Amino acid sequence: MDSSPDTTKRSEGGRLARLQLLDRRIIFGVLFAAAIFSFMVPLMPGRSVGPEARAVFGAVESCPEDKIILLDSSWDQGSQSENRAQFRVLVEHMFRRNIKFVVTSVGVTPLAPELARDILEELAKKYDKEYGTDYVQLGFVPGGSIGGIVATSPLGFVISALARDIHSVYPRDVYDNPVPDLPLMQRVKGIEQVHLVICVTYAPSEDWISFIRGQYGTPVAFANMSIMVPYYATYIESGQLAGMIVGTRGAAEYESLLELEKPGEATRLMTPQAFVHILIIVFIALGNVGYFAARRGAP
Amino acid sequence: MPPDAYTDPIQIAEVVVATITFLIVMSYIFKDNSAYKMLSHILLGAAAALSIYLIWTQALKPNWWDPVSKAIKTLFGDARPTWELLWILCLVPGLMWYTLYSKKLSWMSRIVFGLFIGLGAGLAFKNYFLLIMPQVKDSFRPLVVVGDGGFDIKGTIKNLLFTGTLVTVLIYFIFTFRMEAPLVHRGRTFGRWTIMICFGTLFGYTVMTRMSYFLERLNYVKEELFTKVLGL
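From first to last, the protein sequence lines stand for chains A and B.
Using our numbering, the first residue of the first sequence is number 1, and each one after it goes up by one.
Using our numbering, the first residue of the second sequence is number 1001, and each one after it goes up by one.
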């Protein structure tokens, strides 16, 4: 048996090289166990707030009394893991600051109004707000595609029409009330009365930037899934987007700015998120150790 | 049991079904199995049915069927026919799409295709100017930033990095000319590195989104099933 130092070194490299071939079921199993464990440990509140979330917060805060915020809630079960916390914290902020707002669901999913309604009704009760006076939910309007099939006008046309005359796009609200009868809507006709547009969905359409920010100069902010950030970062850089709430982390940052009495939905999810992210980094490091060990041990 | 515990059997069934569905979907990452396949087929069937329902209830019925049927009724009553009867004419271009399936009549479908392409092109043209031109304008940045308090080193570094990345990535994507000058070659390499960093960022955010999906569902099982149903 050859026991020269060179052979020993090579066999060590061989053992480490097996890290590259780790069965994916082991990785998933460890990840699953770590995620379950992370829900049992005490919450670790976030300590830093990014400029994107702070910018949205500032834009909402600066809403004058005579204007409203247009909140487009176009998320459903598919993206509720991040969008629900974002929507909730935005609504909570506006109710706290007595900012009037109108909720629309333009184009993306007809399932959105129902999910938004649950949160709106719960928070309206908490902050003693009145429907029609403090906020309005207009419901779904088709635009672009439904169920992946192009069945209606392009989204840009609908957004343009909404900016010109909200009443023409929405003759009735989500509860089937005539929109002109709602006190808040009697002073809101079009984009002139809107201070800020915030679109909460998986991947907000860039048509909001073109047809609202580009054409009318009204600031637009997005609350989107984390995966979409690289696509929208350029619009933040150029000033076309007033701000962005980035996934669960963005919602947690916003919650910390709002100083909620109890940790919010996003803050509660950030501790498990941190656990699994660290674990993934560890796995990436192990994979690299295996890679370099294999290269060193290769003849 | 907590005060907000579920007592309604329908609510309990909803949570149990959601949890079982979640576990079946997650079982796929360990091994493909018949429960996962069955669930995929159920979801596909439900999604197809939902699409048909949504197209009818959200697009066709309110925008076409309701006004037309209302206007047709006026033809048989005492009321004067309304202009909404004209919506019936939309049926003609609508049906022209389906001539695609006939070799003899497929030329008719090209008319509506052309109409939609024109519509899309017009919108895209406007969109381009409103969306892209501000980006182009923003790309022209001063390489030395001087603010109210004098020389701004942070702003200068940021603009240098931005402009350097912009130029080198553009060089990387030039295929038309053969450019072998050392400066261009190094610029191309730098451009490739910045693109790789961008891909890394994209991948990081992808992981974050996927983990959010997973953790939100785990949280649902913990809060809904264990707390509100089982009272643990």
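Even glycine gets a Cβ: it sits at the ideal position worked out from N, Cα and C.
Small disclaimer: the values here were computed from a predicted structure and weren't measured.
Within 7 Å of the CB of residue 1198(B), the CB atoms of chain A belong to 230, in sequence order along the chain. The beta carbon of residue 118(A) lies closer than 6 Å to none in the same chain, with the five residues before and after it left out. Distances from the CA of residue 22(A) to each of 296(A), 297(A), 295(A), 291(A) were compared; the closest alpha carbon is that of 291(A). Between residue 1231(B) and residue 1005(B), the CB-CB gap stays under 7 Å.
Excluding residues up to 5 positions away in sequence, 1105, 1106, 1108, 1109 lie with their Cβ nearer than 7 Å to the Cβ of residue 1099(B) in the same chain.
In the three-state DSSP reduction, residue 240(A) falls in the coil class, being neither helix nor strand.
Excluding residues up to 5 positions away in sequence, 52, 244 lie with their Cβ nearer than 7 Å to the Cβ of residue 236(A) in the same chain.
If you draw a straight line from the Cα of residue 79(A) to the Cα of residue 229(A), it comes to about 15 Å.
Taken in chain order, the members of the stretch 21 to 44 of chain A whose beta-carbon sits within less than 9 Å of a beta-carbon on chain B are 24, 25, 28, 29, 31, 32, 35, 36, 38, 39. Residue-level contact by beta carbon holds for residue 1059(B) and chain A, with a gap shorter than 7 Å. Residues are counted here when their Cβ sits less than 8 Å from a Cβ of chain B; for the stretch 159 to 176 of chain A the count is zero. With a cutoff of 7 Å on beta-carbon distance, residue 85(A) and residue 297(A) are scored as not near each other.
Exposure of residue 1069(B) is indicated by the presence of fewer than 16 other C-beta atoms within 10 angstroms of its C-beta. Here residue 1125(B) is exposed. Its C-beta has fewer than 16 other C-beta atoms within 10 Å.
Within the stretch 1093 to 1121 of chain B, contact with chain A at the beta-carbon level (separation under 9 Å) is assigned to 1116, 1119, 1120. Residue-level contact by beta carbon fails for residue 1027(B) and chain A, as no gap is shorter than 7 Å. Residue 1072(B) holds the alpha-carbon nearest to the alpha-carbon of residue 1084(B) among 1072(B), 1092(B), 1094(B).
Here the alpha carbon of residue 1038(B) sits roughly 21 Å from the alpha carbon of residue 1214(B). Residue contact with chain A for residue 1130(B): present (Cβ-Cβ distance below 7 Å to some residue of chain A).
Sorting 189(A), 187(A), 276(A), 212(A) by C-alpha distance to the C-alpha of residue 197(A) places 212(A) at the top. A direct Cα-to-Cα measurement between residue 44(A) and residue 257(A) gives close to 16 Å.
At a beta-carbon threshold of 9 Å, the residues of chain B lying near residue 237(A) are 1135, 1138, 1162, ordered along the chain. Within chain A, no residue has its CB atom less than 8 Å from the CB of residue 1173(B), the nearest being about 16 Å off.
Near chain B, meaning a CB-to-CB distance below 8 Å, the residues of the stretch 259 to 281 of chain A are 268, 269, 272, 273, 276, 277, 280. Below the 7 Å Cβ cutoff, chain B contributes 1209 as neighbours of residue 225(A), in chain order. With contacts defined as CB atoms closer than 7 Å, residue 81(A) and residue 1212(B) qualify as a contacting pair.
Between residue 1131(B) and residue 210(A), the C-beta gap is smaller than 7 Å, which places the two residues in contact.
Interface flag for residue 205(A) against chain B is unset, since no Cβ pair is found closer than 7 Å. Contacts between residue 81(A) and chain B, judged by CB atoms closer than 7 Å, involve 1212, 1213, 1216 in chain order.
Residue 30(A) sits in a helix when the DSSP states are folded into three classes. With the criterion set as a beta carbon lying under 7 Å from some beta carbon of chain B, the members of the stretch 100 to 118 of chain A are 110, in sequence order. The way I'd put it, the stretch 102 to 120 of chain A does touch the stretch 130 to 142 of chain A; three or more beta-carbon pairs between them come closer than 8 Å. With fewer than 16 other Cβ atoms inside 10 Å of its own Cβ, residue 1196(B) counts as exposed. Assignment of residue 142(A) by DSSP, reduced to helix, strand and coil, places it in the coil class.
Counting along the chain, no alpha helix (DSSP H) covers residue 222(A); the unbroken beta strand (DSSP E) around it starts and ends at 220 to 224. Going by DSSP, residue 1022(B) is part of the alpha helix (DSSP H) stretching over 1009 to 1027.
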